[in-house]
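Colleague:
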Amino acid sequence: MDAISYERAGDIADALRAAQQPGTVFIGGGTNLLDLMKGGVTRPAKLVDITHIPGLDTIVSLPDGGLRIGALVRNSDAANHAWVRERYPLLSQALLAGASAQLRNMATVGGNLMQRTRCSYFYDTAFTECNKRQPGSGCAALDGHNRMHAILGASPQCIAVNPSDMSVALAALDANVRVSGPRGERVVPFGEFHRLAGEHPEFDTTLQPGELITAVDLPPPLYSEHTHYLKVRDRASYAFALVSVAAALQFDGATVRSARIALGGVAHKPWRATAAEQRLAGQPLSDALLHDAAAAALQDARAQRENGFKIALAQRAIIRAVNQAAGRQGGAA
1 MDAISYERAG DIADALRAAQ QPGTVFIGGG TNLLDLMKGG VTRPAKLVDI
51 THIPGLDTIV SLPDGGLRIG ALVRNSDAAN HAWVRERYPL LSQALLAGAS
101 AQLRNMATVG GNLMQRTRCS YFYDTAFTEC NKRQPGSGCA ALDGHNRMHA
151 ILGASPQCIA VNPSDMSVAL AALDANVRVS GPRGERVVPF GEFHRLAGEH
201 PEFDTTLQPG ELITAVDLPP PLYSEHTHYL KVRDRASYAF ALVSVAAALQ
251 FDGATVRSAR IALGGVAHKP WRATAAEQRL AGQPLSDALL HDAAAAALQD
301 ARAQRENGFK IALAQRAIIR AVNQAAGRQG GAA
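All residue numbers for the sequence shown refer to UniProt numbering, where the first residue is 1 and numbers rise by one.
#1: May I ask you to report which of helix, strand or coil DSSP gives residue 366?
#2: Can you name, in chain order, every residue of its own chain whose Cβ lies under 8 Å from the Cβ of Pro220, other than the five neighbours on each side?
#3: Compute the distance between the beta-carbons of Leu103 and Thr31, then report whether it is under 9 Å.
#4: Arg133: buried (16+ other C-beta within 10 angstroms of its C-beta) or exposed?
#5: Out of Asp300, Ala171 and Ala259, which one is the CA nearest neighbour of Val322?
#6: Does any residue of chain C bring its CB to less than 9 Å from the CB of Ser100?
#7: Are Ser167 and Leu222 closer than 9 Å when you measure CB to CB?
#8: Please report how far the alpha carbon of Ala332 lies from the alpha carbon of Arg316, in whole angstroms.
#9: Relative to the alpha-carbon of residue 407, which residue among Ala262, Asn105, Glu211 and Ile53 has its alpha-carbon at the smallest distance?
#10: Taking Arg116 as the reference, which of Ser164, Thr125, His145 and Ala140 has the closest Cα?
#11: Relative to the C-alpha of Leu280, which candidate in Asp292, Arg272 and Lys269 has its C-alpha closest?
#12: Within a Cβ cutoff of 6 Å, which residues of the same chain sit near Ala29, ignoring the five residues on either side of it in sequence?
#13: For Gln157, which beta-bridge partners are listed by DSSP?
#14: Where do the ends of the alpha helix (DSSP H) carrying Ile311 lie?
#15: Could you round the C-beta distance between Ala248 and His226 to whole angstroms and report it? I think they count as a contact, below 8 Å.
#16: Just to confirm my understanding: we take Lys231, look at its own chain, exclude 5 residues before and 5 after, and list those with CB closer than 6 Å. What are they?
#17: Are the Cβ atoms of Gly191 and Glu211 separated by less than 9 Å?
#18: Would you please state the rounded distance, in angstroms, between the beta carbons of His228 and Gln324? I believe it to be under 8 Å.
#19: Okay, do the region 196–212 and the region 145–156 touch, 3+ Cβ pairs below 8 Å being the bar?
#20: Just reading off the beta strand (DSSP E) that Arg68 is part of, what are its end residues?
#21: So for Leu249, helix, strand or coil by DSSP?
#22: Rounded to whole angstroms, what is the Cα-Cα separation between Arg233 and Ser100?
#23: To the nearest angstrom, how far is the alpha carbon of Thr128 from that of Glu185?
#24: Is the separation between the beta-carbon of Ser137 and that of Asn131 shorter than 9 Å?
#25: Starting from Thr24, trace the beta strand (DSSP E) in both directions and tell me its first and last residue.
#26: Within 10 angstroms of the Cβ of Gln278, are there 16 or more other Cβ atoms? Answer buried if so, exposed if not.
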């Protein structure tokens, strides 16, 4: 058994100091990290417990009407908070679609952002071919079971997908991630926080060594009336998405003023369907327009041997989610 040192941080500065040791990992709820440790996938030299840092477990209203959600806010508390439900129902819906009630009661917002992929080859150390665990070893999923894997933005190095429901909603809502580190504080636009696999699938995010997520900032609530989070999965609860869609719309009468659409279960990061958004903006919704927008969102999709069904499924899910967000009856998945 590997020796692991443990330290409880009293504040952010304390946590950053403690994290200067190589191999240090921050721990909050631990719902994903402890699984990885038990399976031997992750072997930290040191755990820094951040659960007692004051202020990271709060939700505060910002002067512009947005919200700041602390990194230690539990997923269940964020989903059920009155401000989140009223101003950002899309986020509340996505959080409640994730995991089980017991896990949501323990998991934190910051930890949710840091979830590792649920690729079975990554989780099972008996498979030695995994570029995410051991760079340069190969990707067993390419020629193996890849039904759950990526159809967008994949690389020959890795075809795993990001598992977070919350992150799909945050991508659609144009959130920002607040980070503290050895070089001070910085704000990362949500679209730049997670990485595509590229040549270095071992890195899931753009966090630098020793950096700590402190909060997620949501912009003013422009999308609070017409939103829907759709999660398509193999069973009704406690399952990861085959495809998910976060859809948010603004209207001028019957015309779509603007649209925000993000997909989950299809890429190494939450995937913004900007082509679909552009097709919808400035147009009245129709079945033909929705089919065109959905096709545009998946125009660059590339299937593996077992997951070609995801392309049509994602298109139909976009149509259904946008119709639900608009309160419209139409051609649906």
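Virtual Cβ for every residue (Gly too), placed ideally from N, Cα, C.
Model, not experiment: these values are computed from the prediction.
Modeller: Inspection of the coordinates gives the following:
#1: For residue 366 there is no data in the structure shown, the boundaries of the chain being 1 and 333.
#2: Within the sequence shown, numbered from 1, the residue matching residue 220 stands at position 220. These residues qualify, in order along the chain: Asp64, Gly65 and Gly66.
#3: Here residue 103 is taken as the residue at index 103 of the sequence shown, counted from 1. Here residue 31 is taken as the residue at index 31 of the sequence shown, counted from 1. Yes.
#4: Reading the sequence shown from its first residue, position 133 is the one you call residue 133. Buried, because 16 or more other Cβ atoms sit within 10 Å of the Cβ of Arg133.
#5: As a first step, residue 322 must be located in the sequence shown, where it is residue number 322. Comparing Cα-Cα distances from Val322 to each of Asp300, Ala171 and Ala259, the minimum goes to Ala259.
#6: Of the protein chains in this structure there is only one, and it is not chain C.
#7: Along the sequence shown, read from residue 1 onward, the residue named residue 167 stands at position 167. Along the sequence shown, read from residue 1 onward, the residue named residue 222 stands at position 222. Cβ atoms of Ser167 and Leu222: not closer than 9 Å.
#8: Walking along the sequence shown from the start, residue 332 turns up at place 332. Walking along the sequence shown from the start, residue 316 turns up at place 316. Low local confidence applies: a pLDDT of 48 at Ala332 is under 50, so the model's placement there is unreliable, and no value is given.
#9: Only positions 1 to 333 of the chain appear in the structure, and residue 407 is not among them; the question remains open.
#10: To locate residue 116, count along the sequence shown from 1; it is residue 116. Minimum Cα distance to Arg116 is reached at Ser164.
#11: Position 280 of the sequence shown, counting from 1, holds the residue named residue 280. Comparing Cα-Cα distances from Leu280 to each of Asp292, Arg272 and Lys269, the minimum goes to Asp292.
#12: Counting from one through the sequence shown, the residue named residue 29 turns up at place 29. It is worth fixing the name first, because residue 29 is Gly in this sequence and not Ala. So the list reads Met106, Ala107, Thr108 and Gly111, once near-sequence residues are dropped.
#13: Within the sequence shown, the letter at position 157 stands for residue 157. Note: Gln157 sits in no beta bridge, so no partner.
#14: Sequence index remark: in the sequence shown, residue 311 carries index 311 (1-based). Per DSSP, Ile311 belongs to the alpha helix (DSSP H) from Phe309 to Ala326.
#15: By one-based count along the sequence shown, residue 248 stands at place 248. By one-based count along the sequence shown, residue 226 stands at place 226. The pair is a contact, with the Cβ atoms about 7 Å apart (cut-off 8 Å).
#16: Here residue 231 refers to the residue found at position 231 when the sequence shown is read from its first residue. By the criterion of a C-beta distance shorter than 6 Å, Lys231 is surrounded in its chain by Ala97, Ala241 and Ser244, once the five residues flanking it on both sides are discounted.
#17: Against the sequence shown, residue 191 aligns to sequence position 191. Against the sequence shown, residue 211 aligns to sequence position 211. Result no, Cβ atoms of Gly191 and Glu211 do not sit closer than 9 Å.
#18: Here the question's residue 228 lines up with position 228 in the sequence shown. Here the question's residue 324 lines up with position 324 in the sequence shown. Contact flag correct, Cβ pair sits at about 4 Å.
#19: yes
#20: The residue labelled residue 68 in the question sits at position 68 within the sequence shown. Note, Arg68: beta strand (DSSP E), Leu67 to Gly70.
#21: Taking the first residue of the sequence shown as position 1, residue 249 is located at position 249. Here Leu249 sits in strand by DSSP.
#22: Numbered from 1 along the sequence shown, position 233 holds the residue referred to as residue 233. Numbered from 1 along the sequence shown, position 100 holds the residue referred to as residue 100. When rounded, the distance between both Cα atoms is 14 Å.
#23: Within the sequence shown, the letter at position 128 stands for residue 128. Within the sequence shown, the letter at position 185 stands for residue 185. Roughly 38 Å between the two C-alpha positions.
#24: Position 137 of the sequence shown, counted from the start, is the residue given in the question as residue 137. Position 131 of the sequence shown, counted from the start, is the residue given in the question as residue 131. For Ser137 and Asn131, yes; Cβs fall inside 9 Å.
#25: Taking the sequence shown and counting its residues from 1, one reaches residue 24 at position 24. Membership of Thr24 in the beta strand (DSSP E) is indicated by the continuous run Thr24 to Ile27.
#26: Stepping through the sequence shown from its first residue, residue 278 is reached at position 278. Exposed is the call here.
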